[in-house]
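Here the sequence shown stands for residues -19 to -1, 1 to 798, where the numbers follow mature numbering (1 follows the signal peptide of the UniProt record, and there is no 0).
Quick notes on the structure that follows.
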Amino acid sequence: MRKLATVLLGVCLCAAVLVSCGKKDTADESLSYTFNDHVTALATNWNPHTWETNADDVINRSYLTSPFCIISIKDSENGVYQWVYEMATAITDVTAENQSDLTKYGVSLPEGQTAETTTAGYVYEIALNPDAKWQNGEIINADSYVYSMQQLLNPQMKNYRANLYIAGESALAGAEAYYYSGSTAWMDSQGKYAVSDLIKTADGSYATVDGMPIKISTGKELAWLDGATLSSMVDQYGEAMFDTASFDALKKQADSDGYVTLNDETLALLKKVITFSSDWGETEAEACQYLVYGKTYPETSFDTVGLYKVDDYTIRYVTQNYIDINYFRTSCTSTWLVYEDLYEAGKDTSGKLVTTNYGTKVENSMSYGPYKLESIQPDRQMVLVQNENWYGWEKQEDGSLLSFTDYLVDGEHVQRWQTTKIVIDVMDESAAKQAFLKGGLSVWSPPAEELANYSLSDQLYQQDETYTLSFFFNTNLAHLKEMDRSKGNTNSVVLTNEDFRRAFSLAIDRDEYVTATPGYKPAYALMGNLYFYDIYNDPESSYRNSEPAMEAVCNLYGVEYGPGTAYATLEEAYKSVNGYNLTEAQALMKKACDQLVKDGLYTAGQDIVIRIAWAAGAITSSDNNQIALMNKYINAAAEGSGFGKITLEGVGNLENRYAAVPSGEYAIGYGAWGGAAFYPFRNLQIYCNSDMYDLNEAACWDPSVEKTTLTVEGKPVTMTWKDWSDALIGNGPYSTASNQVKLEVTAQLEEQYLRKFYRIPLCTTTICTLLSFKNSYYTDNYNVMYSFGGLELMKYHYNDAEWKEFLSTQNGTLNYE
């Protein structure tokens, strides 16, 4: 248990003072438990169909809504979890009984499988909570869900968050066709239509062999440019890289969306634009990378979408692709509900698309979660109070609302949602620190440079994250030459050499590096220890601790095991890995220097300066410590190699460092990828699938074209990197393979990718949070399934009146060190 002796003593003393002096407290305060939070900017749009920022999502998911189901604590001491139903009362796989739905809604079946042979993973029945109500007391039933999904996918609205239902593991069957109904969607061709394979139509324009129109994109983000547009590239580099006169002529023919009909004239202009400079490094063959194709969707009705009402309190959800029931439940940890009257009242039909202002103010919001909005002062404060019509509350004789779990937590029905009021104030980090230390905030996350001061505090909660911080590179020679010429770099062309990048990785003492910022842990691969491949059936199914994944790391760093080696077993060898080998790094640096000199890219002895896109905010003292260490490491590796002094310069206050590297602004970026802890088999999509992600390393390669060979069940199989990244999920060729096969494929892919050294893993991150003495989480033992129990199971040691009294005895400052 957390050491709360000091706090509990304070509670007792405070209670004694209150009794002996006569408590001058209002009834409200004695029944109130306020959670005071802060943000740098308030949420502005918590509409579940259109929210964009994390602040928006927190308001919607944490307070104003309840999910179909959640994962909660069953046994906190042993880390045992349980599924708990909220807006649902049951979720059942009914595929076998509803095989006709597979054909009716056009689901995607693996090759060789038919609807008649499919018995699981596509049709899910959701029994709805009959006690669920909106905050105004109106019932929520099957019609509410069907209406809300129809609006989410409304082709006249093109709602942003429809992307969660038209793609991915839990994509709704027929959703994409309805979302784009009656329109032509212009899709990035990503080079798959060579100009020579296109057909010239009667009007002189070009189309694909199957009749889809083709256009040149000047204004649409392109995977080839890693999310940038051709127009933005021309603006950025101008006549140094492009034939700007030809581009101006091309742009005059563009429509309002930046698309230009492809014909002989415009094709000639495009080729002139991109082949103007040898430094840009493109030939006429690359013209296909700037093309989009028009996919026209016929008019369809919502009846073609696989979500339908069975009865007043039952709906069925038909998935486009196979999904295991546990992963389907995971997708049900939120809903898509909106309140029809306010949603319709807020619609604006004056623009190109229909919009609604639902979920942007108190008066146009409707909660069905434990809290509701009470007031908003723009740019200052947001206040939420208990939603008295939430199904979980029980009204007490004194008027208070209490809720207890209807499931057992550590063998008991425990109180939940003890918080009665949530106040969120806008303040910067400096003000937040002062407010927390004076008792005005319930939670505060110390910045990295101050974390050491609180490392022994009983109120500090440390939570490992899935995020792995890495260096990611731009190895494009033309880009690097331009950076050396005009972006503040000197001789950054050395990064084109793989041995240089590998040497840099081996020179980094990660054990020392993480000490520069408390809370970091060393990382040697793309995925850390929080990735599980079968957690619902096997809580010990850590990807990182699987034999294939451990083997991949040992192979990468050259650590051997077995007879005649230093390590008897794979596990011993894996645990010995630290990623540091200065001797090998120095040999590789010498080899790299010799090759670069031979290639005419570098003159021995010259200094090297490389600017690193380091941070979104200002460079902190911790950042400076990290940068200093990196300079120490890389120069130690370069000693005696023939390279001159190497200087790495960290740059902060960047709008988007992830895009700035592949677009050619910076040669190295410092950032993290993470999330989706239970989906390690799709993790490589982050690095290989430009359809789904803006690839940080896009300037280095084209994974949709480059191929690699892996060993699958003893046989060599060759595919593009992109196809491999998709192979284990959805309808991929190995989506139904055993976990062992999937582990072997994922580990091989991870190892081969890391061997390119387009990305160097450095460390994993940790969230470090201080709770005030007023609160504590339900458990001190972090679990990836339920964290510490969250706000729902949070405990209060003081009510609001007692907290005020306690603060009055603390001389204006609380000590958490």
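C-beta atoms are modelled at their ideal positions from N, C-alpha and C, and glycine is treated no differently.
Computed from a predicted structure; not experimentally measured.
- Taking C-alpha positions only, Ala268 is separated from Gln666 by approximately 25 Å.
- Proximity to Gly239 across Val273, Gln443, Lys253 peaks at Val273, based on C-alpha coordinates.
- Straight-line spacing of the CA atoms in Asp675 and Asn26 works out to 25 Å.
- Judged by their CB atoms, Gly200 and Thr210 are nearer to each other than the 7 Å cut-off.
- With fewer than three CB-CB distances shorter than 8 Å, the segment 56 to 68 does not count as touching the segment 82 to 89.
- The three-state secondary structure of Trp205, taken from DSSP, is helix.
- Under the criterion of beta carbons closer than 8 Å, Phe283 and Tyr159 qualify as touching, at roughly 6 Å.
- When the Cα atoms are used, Asp216 and Lys723 turn out to be separated by approximately 44 Å.
- Across the set Glu280, Leu251, Gly275, the C-alpha of Leu251 shows the shortest separation from the C-alpha of Ala266.
- Exposure of Thr330 is indicated by the presence of fewer than 16 other C-beta atoms within 10 angstroms of its C-beta.
- Check the Cα spacing between Ile195 and each of Pro136, Glu783, Val176, Gly208: the tightest is with Val176.
- Beta-carbon to beta-carbon, Ala504 and Cys744 are separated by about 5 Å, close enough to satisfy the 8 Å threshold.
- Secondary structure at Val176: helix, using DSSP grouped into helix, strand and coil.
- Residue environment analysis places Asp707 among the buried positions, since at least 16 neighbouring C-beta atoms fall within 10 angstroms of its C-beta.
- In the three-state reduction of the DSSP assignment, Glu106 falls in the strand class.
- Non-local C-beta neighbours of Pro499 in its own chain, meaning closer than 7 Å and more than five positions away in sequence, comprise Ala429, Leu432, Ala433, Ser436, ordered along the chain.
- Here the C-alpha atom of Leu774 lies approximately 12 Å from the C-alpha atom of Lys55.
- Annotated three-state conformation of Gln94 is coil, per DSSP.
- Sixteen is the threshold: when 16 or more other Cβ atoms of the shown chains lie within 10 Å of the Cβ of Leu422, as they do, the residue is buried.
- The alpha-carbon of Lys181 is positioned some 39 Å away from that of Ser151.
- With at least 16 other beta carbons inside 10 angstroms of its own, Glu732 counts as buried.
- Under the three-state reduction of DSSP output, Gly631 falls in the strand class.
- Residue pairing by DSSP places Phe454 opposite Ile649 in a beta bridge.
- Around the Cβ of Gln94, a 10 Å sphere holds fewer than 16 other Cβ atoms; the residue is exposed.
- In the three-state reduction of the DSSP assignment, Phe16 falls in the strand class.
- Taking all protein chains shown into account, Ile304 has 16 or more neighbouring C-beta atoms within 10 Å of its C-beta and is therefore buried.
- Rounded to the nearest angstrom, the gap between the Cα atoms of Arg466 and Ser312 is 49 Å.
- Beta-bridge pairing by DSSP links Cys313 to no other residue.
- Going by DSSP, Trp167 is part of the beta strand (DSSP E) stretching over 165 to 169.
- Note that the segment 100 to 118 touches the segment 289 to 299; at least 3 beta-carbon pairs, one per stretch, sit closer than 8 Å.
- Cβ-Cβ separation between Tyr647 and Ala641: approximately 5 Å, consistent with a contact (criterion under 8 Å).
- Taking a contact as a CB-CB distance under 8 Å, the pair Gln444 and Ile748 counts as one, their CB atoms being some 4 Å apart.
- A direct Cα-to-Cα measurement between Trp115 and Asp292 gives close to 20 Å.
- With the rule of 3 Cβ pairs closer than 8 Å, the segment 619 to 633 does not count as touching the segment 506 to 517.
- For Val404, the pairing in a beta bridge is given by DSSP as Asn17, Val364.
- When the five nearest sequence neighbours on each side are left out, the beta carbons in the same chain lying within less than 6 Å of the beta carbon of Met130 are those of Leu288, Trp317, in order along the chain.
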